[in-house]
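Its first residue numbered 689, the sequence shown is counted upward by one per residue in the numbering used here.
Built from N, CA and C at the ideal position, the CB exists for glycine as well.
Some notes on the structure that comes next.
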Amino acid sequence: MNESLYIAKTLIRGALIGLNTYIKPGGIHRLTPLKAFDDLTCNIASCIDTLVESVEAGSMVKRGEVAVTSVDYNKLFTSPLKESFRNCSNVYPEYLVPLTVLGFTIGLSSVESILEESSKFKKALEAVNNVNKWSDIKQLIEVLRIIGRADMYEHLQSTGYTQITLLKSGATFNDVFRVLSSRWRGFSLVDSKETLVFQYLKQLFDLQREYKNLENSLIALYMELVKQHIPVNLQDKAREAHSCKYMATPECAKLMYELDVLLRKNKVFFAWASEITVLVSALAVYEGLK
689 MNESLYIAKT LIRGALIGLN TYIKPGGIHR LTPLKAFDDL TCNIASCIDT
739 LVESVEAGSM VKRGEVAVTS VDYNKLFTSP LKESFRNCSN VYPEYLVPLT
789 VLGFTIGLSS VESILEESSK FKKALEAVNN VNKWSDIKQL IEVLRIIGRA
839 DMYEHLQSTG YTQITLLKSG ATFNDVFRVL SSRWRGFSLV DSKETLVFQY
889 LKQLFDLQRE YKNLENSLIA LYMELVKQHI PVNLQDKARE AHSCKYMATP
939 ECAKLMYELD VLLRKNKVFF AWASEITVLV SALAVYEGLK
């Protein structure tokens, strides 16, 4: 359990670093004039106990104490959502569910490095995502409605994920995550049929060589994600910020602040890029980046 607690704390610390890191223009960060930052901080901090349980559940499967198909996924995936619902104003499953899946996968794979042991990590991720216990999947979908995420619930319903469909089709957790990832990109990191989690993590490692510390590297990753989506009239400012390495100097930080203000003024938001950045940051700290 001590090892599970250490892993959970590491992931939480990494996620909070990714959330706090500023300035992420059009995204969520410590200087964001939005309540979402406080709510997300509350969500991530509230899931420490349930994240420990998810890592330990994966470790129990690894030790052969329980079969991967016998894990109580209803409890595993809904507990952090319910905990955040009790403690926070709003709940963000697009952060909490992937974080839980990643914790379970680390416990199951027992990898020390996700990138160096990517095949083991991917195999473990596939093991949990291929589970098709329709009752547990149904409960996860129902909880989305209960915690105030009718948008996610209705999105799944509109794409055919009803109780009858789940029972007849043999849908897996990966199917559900893939559907949700079309709107909430945090889920894309736990889509075991894709390799985005490795792609983003490797990209961050490459950026670390240039930007030297985790916070600046995370900003660079975020900007790489959003650069094609920045309005044409703000592209020059974004390129100027890139040329001086974003937050490297006070003058450059001022450019990033101005870009952030202008994007919000034009109602351009990149919540999806914040999801990816925070979750990749969680894994990066587990990998040892500082």
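Quiz item: What is the C-beta distance between C735 and S772, in whole angstroms, given that I count them as a contact (C-beta under 8 Å)?
Solution: 7 Å
Self-check item: L994, buried or exposed, once every other Cβ within 10 Å from all chains shown has been counted against 16
Solution: Nothing can be reported for residue 994, as the shown portion of the chain is limited to 689 through 978.
Quiz item: F865 and V819 look like a contact to me (Cβ under 8 Å); what is the Cβ gap, rounded to whole Å?
Solution: No, F865 and V819 are not in contact; Cβ-Cβ is about 12 Å, not under 8 Å.
Exercise. To the nearest angstrom, report how far apart P919 and D760 are at their CA atoms.
Key: 45 Å
Quiz item: Three-state secondary structure (DSSP) at I736?
Solution: helix
Practice problem: Could you spell out the range, first to last residue, of the alpha helix (DSSP H) harbouring V799? | Solution: That residue, V799, is in no alpha helix (DSSP H); it is neither H nor E in DSSP.
Quiz item: On the three-state DSSP scale, how would you describe R751?
Solution: coil
Self-check item: Collapsed DSSP secondary structure at L722 in the structure displayed
Solution: L722: coil per DSSP, three-state reduction.
Quiz prompt | Cα-Cα separation between Q891 and A908, rounded to whole angstroms | solution = 10 Å
Exercise. Please check the pair L769 and L784, which I expect to be a contact at CB under 8 Å, by giving their CB distance rounded to whole angstroms.
Key: L769 to L784, Cβ: 6 Å. Contact.
Quiz item: K697 lies in the alpha helix (DSSP H); which residues open and close that run?
Solution: Start and end: 690-708.
Quiz item: Is it a yes or a no for the stretch 724-734 touching the stretch 819-832, going by three-plus beta-carbon pairs under 8 Å?
Solution: no
Practice problem: Identify which residue in R897, A745, W960 has its Cα closest to the Cα of V914. | Solution: V914 has its Cα closest to that of W960, out of R897, A745, W960.
Quiz prompt | Neighbourhood of P713 by C-beta, 7 Å cutoff - its chain only, sequence neighbours within 5 removed | solution = M944, L947, D948, L951.
Self-check item: For W822, the three-state DSSP class (helix, strand or coil)
Solution: Correct three-state label for W822: helix.
Quiz item: From N731, H843, D879, Y910, pick the residue whose C-alpha is nearest to that of P781; which is it?
Solution: Measuring from the Cα of P781, the nearest candidate turns out to be N731.
Quiz item: Okay, do the stretch 892-911 and the stretch 934-943 touch, 3+ Cβ pairs below 8 Å being the bar?
Solution: yes
Quiz item: According to DSSP, is I907 helix, strand or coil?
Solution: In the three-state DSSP reduction, I907 falls in the helix class (H, G or I).
Quiz item: In or out: G976 buried (at least 16 other Cβ within 10 Å) or exposed?
Solution: exposed
Practice problem: Please state whether DSSP places M840 in a helix, a strand or coil. | Solution: helix
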